[in-house]
Amino acid sequence: MPRPLTEKQQAVLDFIIKYDQEDMGWPSYESFMDEFGYKSSNSITQNLKALQKKGYLINEEGGYQLKPEQKDARRGIPILGEITAGTLQEAVETNLGYITIETLFPNLDRIFAVRVRGESMIGAEIHDGDYVLLVDDDIPDGGIGAVLYNGETSLKRIFMDHQGLRLEPANSEFDDIHIAPDIFEEVKILGRYIGHVNKMGVRKAPEMYQVSTRHYSPFGNEA
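Residue 18 in numbering that gives the first Met the number 0 is what sits at position 19 of the sequence shown, and the numbering runs on without skipping anything.
Structure follows, in structure tokens:
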């Protein structure tokens with residue numbers, strides 16, 4: 000893991016990353032000097048060498064570059080230190096890296112998002128306009144998932160037993176949808192709900208932390 004930075008080194012790194020994210024390339028020495036008020040390029044070089052030594056930059060083909068993980072990491076949430084859950088201790092602010100979307104959702108390559116239309120899942124705090132995060136996976140009995148049935152898609156709690164498949168809304172104003180066992184082949188599970196995003200932030204589903212022993216597929220029996 001990269002080593003902690005001084006306040007000045009962090010500011011220089013932030014400036015470099017901002018340039019990169021705005022597709023402006025690598026900052027010129029003049030840009031560094033204008034931004035930080037340096038009188039000579041020596042101060043810039045010292046900071047760049049420090050960032051390389053501490054694991055944030057690489058120096059290839061005669062020029063500095065951000066490490067790939069730094070490009071991605073800064074699109075996350077900075078970890079600025081540690082805090083005790085017991086006795087008090089001295090507060091020390093250090094750079095411990097970043098919480099990225101990969102940290103929050105380890106199976107990122109299997110995750111996709113869809114936008115919700117309607118209010119049938121408000122009991123699960125999923126509202127019209129929210130972006131639901133789905134993973135390509137089996138759905139535990141009673142779990143929330145997206146299904147394709149009869150040419151239409153729907154987000155519901157999914158239950159299965161010998162009587163068939165039941166799609167249950169999280170809103171008493173909507174009725175359950177019952178699907179008989181003999182037409183299971185018409186149902187396609189699109190993904191298991193693992194969270195949603197709205198203007199309030201990211202909410203992760205409690206189900207994703209539970210290990211269920213009852214996984215179902217609309218094309219087979221209990222697993």
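Where a beta carbon is used, it is the ideal one built from N, C-alpha and C, also for glycine. Nothing here was measured: the structure is a model prediction, and the numbers come from that model.
- The residues M120, G122, A123, in chain order, have a CB closer than 6 Å to that of A169 in the same chain once the five nearest residues on each side in sequence are set aside.
- Cα atoms of L79 and L4: separation of roughly 11 Å, rounded to the nearest angstrom.
- In the same chain as I193, and ignoring 5 residues on each side of it, the C-beta atoms closer than 6 Å to its own belong to L132, V134, A204, M207, in chain order.
- Apart from sequence neighbours up to five positions away, no residue of its chain approaches E21 with a beta-carbon distance below 6 Å.
- Comparing alpha-carbon positions, the option among N41, G117, G54 lying closest to L95 turns out to be G54.
- Around the CB of R114, fewer than 16 other CB atoms lie within 10 Å, so the residue is classed as exposed.
- Across the set A112, D33, G24, the C-alpha of G24 shows the shortest separation from the C-alpha of G62.
- By the criterion of a C-beta distance shorter than 6 Å, F173 is surrounded in its chain by S119, once the five residues flanking it on both sides are discounted.
- By the CB criterion at 7 Å, I125 and H195 fall inside the cutoff.
- Taking a C-beta distance under 7 Å as the contact criterion, R202 and D136 do not qualify as a contact pair.
- In this structure, the beta-carbon distance from I157 to I182 does not fall below 7 Å.
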